[in-house]
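Okay, so here's the structure we're looking at.
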Amino acid sequence: MKKLLPYIIIFLLVLGFFTFLQSAPRLGDGDSFYHAKITELMIQGRAPVKIFPWLPYTILNNFYYDHHFLFHIYLVPFLLLIGQPLVAIKVGTIILGALFVTVLYWFLRRYQIKYALLYLIPAITSYVLIVRLNLDKAPGASLIFFLLGIYFILQRKKIALAILSFLYVWLYDAWPIILITTLAYCLAVAIKSVIDDWPALSKTLDKKLLKQVLFFIKKTFVGFFSKSNLALLGSCLIGLIAGIVINPYFPNDLKFFWVHIVKIGIFTPGLKYGVGAEWYPYDTIALVKENILIMALWLFTVAWFLVSFKKPSKTFPEVEPLLPQLGQSKESLFLVILNTFFFLYTLKARRIAEYFIPLTAITAAFVLNKAIKNINFKEFWQEIKNVFLKPRFILISMLIALLIVVSLGALIGSIIKIQQNTFNYFRQTAPAFDRFSGVTNFMKNNTPARSIVFHNSWASFPEFFYHDDNNYYITGLDSTFFYDPNPRLYNLWKDITQAKISNNLAAEIKNNFKADYVLVQKEDALYRNNETQNLINIINADSHFQKLYEDKEAIFYQISGI
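Start counting the sequence shown at 164; every next residue gets the next number (my numbering).
Encoded structure:
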């Protein structure tokens, strides 16, 4: 029990913090309404939900795939116990977030990281990670799988890796991450092997740099395909392929993966016509401001990793005694390679930050651990004073002290502001439980079942779907799902919602989309140039639109006379 106490304390502290953060009747993300509804449908006897008629013009109509299948199964007990889907998904998400932080601490302790608790601080104070863990979606579960995957790879537990890979496919379509992680490890093993053998290998080599580089690449390539690497990589691939094929949704999952992972996740053509904010590139300045501790830790870790591969500089011989034993393991090299990949991918798609941030803490722990273990801090501090009180170092010492004071002040101010923004979002800005409940309740009670409703905001579909699953909608979850099978209809929908079509608008909607009703969200965050108000003006000027309902959030029309 004594050994478990630190983990219990961490779990309860994070659980309490996340519960306080999520105490308002709001969900962290609009997609959470979709997850709550799918879980509810599963309980109502549709498990798994295999037919999805609510978006007839998207790939989900013919190729529906529940890419959060295990996550929805995980939510089922919470919904059965609590009875309210939106509360149930909040409770399930909070527990996953607390469990992830606990697993992160366990991972560091498992590898005997000294001062493991300190490495949690940059991660759990990150605005981005806190928000992502509390979006009432699957990131917490995916991050737990990610950590366990790294552990199984480092331990070369091939059977466990295969099972986890299989389950990852069923859990969440971020499963390619485990393949990337395995590839990064195999590459690190090959590179480290060549580096360790380089003194002997290079004796017979030509001194020309190009030939040495080419020889290094060749040996790394051969080492990558070693038997042990292939066995590990094979275990991962077998698990992933099995998860794809032995799947309630096979072969529909193949089409879905192609669109969601390849087209959206890798090439992201939807940036041209609008996708979720999480797929847009991360502004570098914003990344640094929102994650100051993590970015500082990452830069220092990479710098120390590079320095620790060579002998100390002779420029300042006084400093040499301060440097602990050097050298980095293949595990450290693996984590640096993987961490760098996620950093670059984060610049492309901001949602990847949820993996980059905790991975940075782990990477720093492995890279710095050897040095920290070999430091006698009492002697180290004495050496620091002896060195930096010497005349040639006094000015440098003053500048360093000033820099530390200014940086700490800026850091504290930034963290306070970030945490304030976090609380403001989850308590005031995030979608309320009852958002659009007025208009959707009216739709549900006053329209024939399975009516097609033309709406101007694809991002709000999950909320419409949650409150009113009697009707069908034009687009939702991601614009690419609509654009891929129906580019002509998508472009027409876009022109209409952006108020570019004013003549015969009712006929255009009726004839092309088979819709008898139009739902206009008044404040569509996707459009900032008055398109929504212009669309309302066009509709109001057309006698074929009859207003049936209006509140502060939306207007609902019926098309008549056509």
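Just so you know, even glycine gets a beta-carbon here, dropped at the ideal spot from N, CA and C.
| Asked | Found |
| --- | --- |
| Is the CB-CB distance between Leu218 and Asn225 below 8 Å? | no |
| Where do the ends of the alpha helix (DSSP H) carrying Leu626 lie? | Inspection of the sequence shows that residue 626 is occupied by Glu rather than by Leu. Glu626 -> alpha helix (DSSP H) spans Phe624 to His630. |
| Determine the contact status of Val291 and Ile455, defining contact as a CB-CB distance below 8 Å. | no |
| Does the beta-carbon of Arg273 have 16 or more other beta-carbons within 10 angstroms, so that it is buried, or is it exposed? | exposed |
| For Ala353 versus Phe387, is the C-beta distance shorter than 8 Å? | yes |
| Where Leu233 and Leu334 are concerned, what is the direct C-alpha to C-alpha distance, given to the nearest angstrom? | 4 Å |
| Quick check on the burial criterion: 16 or more other C-beta atoms within 10 angstroms. Buried or exposed for Pro709? | Rather than Pro, the amino acid found at residue 709 in this sequence is Gln. Exposed. |
| Cα-Cα, which of Gly246, Ala261 and Ile214 is closest to Gln185? | Ala261 |
| Please work out which residues of its chain come closer than 6 Å, Cβ to Cβ, to Ala325, disregarding the five sequence neighbours upstream and downstream, and give them in chain order. | Ser398, Ile401 and Gly402 |
| Mind reading off the beta-carbon distance from Phe662 to Ile701? Whole number of angstroms is fine, and I expect it under 8 Å. | Per the sequence shown, residue 662 should be read as Ala rather than Phe. 6 Å between Cβ atoms; contact. |
| Would you give the residue range spanned by the alpha helix (DSSP H) that Leu377 belongs to? | Leu372 to Phe387 |
| Look at the alpha carbon of Ile293 and the alpha carbon of Asn619, and state the distance between them as a whole number of angstroms. | 31 Å |
| Over what stretch of residues does the alpha helix (DSSP H) that includes Ala527 continue unbroken? | Ala516 to Lys536 |
| With 16 other CB atoms within 10 Å as the buried threshold, where does Ser723 fall? | exposed |
| Could you give the DSSP three-state label for Glu716: helix, strand or coil? | coil |
| Between which two residues does the alpha helix (DSSP H) harbouring Gln661 extend? | Premise fails: Gln661 is in no alpha helix (DSSP H) and is neither H nor E. |
| Looking at the unbroken alpha helix (DSSP H) that takes in Leu682, where does it start and where does it end? | Per DSSP, Leu682 belongs to no alpha helix (DSSP H); it is in the beta strand (DSSP E), Tyr680 to Gln684. |
| Decide if Pro240 is buried, meaning its Cβ has at least 16 other Cβ atoms within 10 Å, or exposed. | exposed |
| Would you tell me roughly how many angstroms separate the C-alpha atoms of Leu689 and Ile457, rounded to the nearest one? | Low confidence applies to Leu689: its pLDDT is 49, below 50, so where it sits in the model is not reliable enough to give any reading. |
| Quick one: Cα of Ala678 to Cα of Tyr653, how far? | 15 Å |
| Do Asn297 and Phe181 have their C-beta atoms within less than 8 Å of each other? | yes |
| Should Met164 go down as buried or exposed, given a rule of 16 or more other Cβ atoms within 10 Å for buried? | exposed |
| Considering only their Cβ atoms, is the gap separating Leu640 from Phe624 smaller than 8 Å? | yes |
| Just the Cα atoms here: how many angstroms apart are Leu280 and Asn608? | 54 Å |
| What did DSSP end up calling Gly433 once you bin it into helix, strand or coil? | Because the pLDDT of Gly433 is 49, which lies under 50, any placement of that residue in the model is unreliable, and the number read from its coordinates should be weighed accordingly. The answer is helix: DSSP assigns Gly433 an H, G or I state. |
| Quick check on DSSP: helix, strand or coil for Tyr636? | strand |
| Am I right that Lys418 and Ile222 are in contact with their C-beta atoms under 8 Å? What's the rounded C-beta distance? | 6 Å |
| Starting from the Cα of Ile672, find the closest Cα among Lys685, Ala622, Tyr636 and Phe589 and give me that residue. | Tyr636 |
| Could you please give the first and the last residue of the uninterrupted alpha helix (DSSP H) stretch that includes Val250? | Pro248 to Arg273 |
| For Glu716, collect the residues of the same chain with a Cβ closer than 8 Å to its Cβ; drop the 5 residues on either side in sequence, then sort them by chain order. | Arg598, Phe599, Gly601, Val602, Gln684, Lys685 and Glu686 |
| State buried or exposed for Leu571, treating a residue as buried only when at least 16 other CB atoms are found within 10 Å of its CB. | exposed |
| Buried or exposed: Tyr720, going by 16 or more other Cβ atoms within 10 Å of its Cβ? | buried |
| Identify whether Arg189 lies in helix, strand or coil by the three-state DSSP scheme. | strand |
| Assuming the contact rule is C-beta atoms closer than 8 Å, Leu655 and Asn675 should be a hit. Round their C-beta distance to whole Å, please. | 6 Å |
| Considering only the beta carbon of each residue, do Thr447 and Leu510 sit closer than 8 Å? | yes |
| Does the beta-carbon distance from Phe628 to Lys253 come in below 8 Å? | no |
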